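39 is the number that the working numbering gives to position 19 of the sequence shown; each next residue is one higher, with no gaps.
Even for Gly, the Cβ is constructed at its ideal location relative to N, Cα and C.
If you're wondering where the values come from, they're calculated on a predicted model, not measured in any experiment.
Right, one structure below, let's go through it.
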Amino acid sequence: MAKVSISLDAELVVEVMVLAGIGSPQDAIEAVVRDYVVRGHRTEARTELKDRNLREVDAKPQEPQG
């Protein structure tokens, strides 16, 4: 996997390390990014299922009105 180097504010990194309970700055930031990606995938899965159900309801023929 390719690596990327970035600069972050030290206070921000220390805060992440404390909140995550991880002693390595690299590992702490990586854990936060991975968690963000996983949450995004879960959200996509939930909204996709809801959208699919709504499309199925809209696709059903409706009875004549009035």
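Asked                                                                                                          : Found
Ala-30 classed as buried or exposed, judged by whether at least 16 other C-beta atoms fall within 10 angstroms : exposed
Reduced DSSP category for Ile-26 - H, G, I as helix; E, B as strand; rest coil                                 : coil
Backbone CA spacing between Arg-72 and Val-58 [nearest angstrom]                                               : 21 Å
Candidates Ile-26, Lys-23, Ser-25 and Ala-40: closest to Asp-55 by CA position                                 : Ala-40
8 Å CB neighbourhood of Ile-49 in its chain, flanking five on each side removed                                : Leu-28, Val-33 and Val-36
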